[in-house]
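Enquirer:
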Amino acid sequence: MKKPINEMRLVIPSTSANESFARVAVASFASQLDPTIEDITDIKTAVSEAVTNCIVHGYKNTIGYIYIHAKIFEDGRLTVKIRDTGCGIPDVKQAMEPLFTTGGEDRAGLGFAVMESFTDKLRVNSKEGRGTTVTMEKNISGRQADER
Amino acid sequence: MKPEIVKEDSRITVKLCGEIDHHNAAEIREHIDRDIALKKPTQVILDFSGVSFMDSSGIGLIMGRYRIIRENGGALSVRHSGGSIGRMLSLAGLSRLGISVGGEEVEKTNQ
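Here the protein sequences come in this chain order: L and Y. By my numbering, the letter at position 28 of the first sequence is numbered 110, and the numbering carries on one by one without gaps. By my numbering, the letter at position 65 of the second sequence is numbered 351, and the numbering carries on one by one without gaps.
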């Protein structure tokens, strides 16, 4: 595994106001790879879904911390790990089914489906009572790729 | 950002703007639902042309409004939902529910 050319760690409380901050922070970090506007939108959307899951499901009616660890690599890869120490998911496979939600009215149950669609790799690890870690990877070709 | 709501006969157009995420979806929802309860439209158009960012909370917003409007016998359509928003709407399969999605106005009512 190659060493990253840059990495960042961000720890924020699970307040909904931080959803916007988290996605902009990760998008800013990824800008070093010269992403296209579509890359940026994809990254922001995927991060927003993961962070929202921590807030709505991981911590529910409490406030905890969300740990974001992002890395960029020379081959244009961005990896983003978003972790909470909340309640965890009893059945990850079921949770990842599109439209499945335990969130009640007005929650679409599409968070994981969007993360999967907007990134190149998605891995979800969870343990009930311990928390959940979502790891996403995106290949950013960079605008310079058009110059070849 | 508060949506701008325009009424034309029994049709209302909700011009959404800014970012739609979990944080501000509740406020947007209240604003729309209050208007629907007051004006009782037969058609509601959700216009996404002013939306700078949306995650799947926006899908929940659409689906929730769809349920309410259907209960009152009305129709819902979505307009100007290009790019990543359009991709998300496809993921959600909204057209299966009979929600019209597209760039132009729809002159159709639900049966």
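The C-beta atom is built at its ideal place from N, Cα and C for all residues, glycine as well.
Since Leu332/Y contacts Val300/Y with CB under 8 angstroms, what's their CB separation in whole angstroms?
Expert: 5 angstroms
Enquirer: Would you kindly work out how many angstroms separate the C-alpha atoms of Asp307/Y and Arg205/L, rounded to a whole number?
Expert: 23 angstroms
Enquirer: Looking only at its chain, what residues have a beta carbon closer than 6 angstroms to the beta carbon of Asp228/L, apart from the 5 residues adjacent to it on each side?
Expert: Model confidence at Asp228/L stands at a pLDDT of 49, short of 50, so the residue's coordinates are unreliable; what they give is reported in the following sentence. Cβ within range, chain order: n/a, list empty.
Enquirer: Taking three-plus beta-carbon pairs below 8 angstroms as touching, is the segment 375-383 of chain Y in contact with the segment 161-175 of chain L?
Expert: no
Enquirer: Given a limit of 8 angstroms on CB to CB distance, which residues of the segment 121-155 of chain L reach chain Y?
Expert: Thr123, Asp124, Lys126, Thr127, Ser130, Glu131, Thr134, Ile137, Val138
Enquirer: Quick check on DSSP: helix, strand or coil for Leu160/L?
Expert: strand
Enquirer: How would you label Gln329/Y, buried or exposed, when you count the other beta carbons within 10 angstroms and need 16 or more for buried?
Expert: buried
Enquirer: Buried or exposed: Glu391/Y, going by 16 or more other Cβ atoms within 10 Å of its Cβ?
Expert: A caution first: Glu391/Y carries a pLDDT of 35, below 50, which makes its placement in the model unreliable, though a value can still be read off. The residue in question, Glu391/Y, is exposed, as its Cβ has fewer than 16 Cβ neighbours within 10 Å.
Enquirer: Using only CA atoms, which one of Met349/Y, Met374/Y, Gly388/Y lies nearest to Val196/L?
Expert: Comparing Cα positions, the closest option is Met374/Y.
Enquirer: If I measure Cβ to Cβ from Leu181/L and keep anything under 6 angstroms in the same chain, skipping five residues before and after, which residues do I get?
Expert: Gly191
Enquirer: List, in order along the chain, the chain Y residues whose C-beta lies closer than 7 angstroms to that of Glu179/L?
Expert: Within chain Y, no residue comes near Glu179/L; the closest Cβ sits about 13 angstroms away, beyond 7 angstroms.
Enquirer: Using DSSP with H/G/I as helix, E/B as strand and the rest coil, what is Ala312/Y?
Expert: helix
Enquirer: Using 9 angstroms as the threshold, is the C-beta distance between Ile322/Y and Leu347/Y below it?
Expert: no
Enquirer: List in chain order: all unbroken beta strand (DSSP E) runs of 3+ residues lying wholly within the segment 195-225 of chain L.
Expert: Secondary structure in the segment 195-225 of chain L: the beta strand (DSSP E) runs of 3 residues or longer, each lying completely within the stretch, are 203-209, 213-221 in chain order.
Enquirer: Since Phe200/L and Thr127/L are thought to touch, with beta carbons under 8 angstroms apart, how far apart are those beta carbons, to the nearest angstrom?
Expert: Rounded, the Cβ-Cβ distance is 5 angstroms, consistent with contact.
Enquirer: Per DSSP, which one or two residues make a beta bridge with Leu332/Y?
Expert: DSSP, once it has assigned bridges, lists Val300/Y, Val364/Y as partnering Leu332/Y.
Enquirer: Could you have a look at Glu305/Y and say whether DSSP puts it in helix, strand or coil?
Expert: strand
Enquirer: For Arg320/Y, count neighbouring C-beta atoms within 10 Å of its own C-beta (all shown protein chains included) and say buried if the count is 16 or more, exposed if not.
Expert: exposed
Enquirer: Starting from Ser113/L, trace the alpha helix (DSSP H) both ways and give me its first and last residue.
Expert: Here Ser113/L belongs to no alpha helix (DSSP H), and DSSP marks it neither H nor E.
Enquirer: Just mark Glu210/L as buried or exposed, buried being the case when its beta carbon has 16 or more other beta carbons within 10 Å.
Expert: exposed
Enquirer: Residue range of the alpha helix (DSSP H) that Val174/L falls in?
Expert: 174-177
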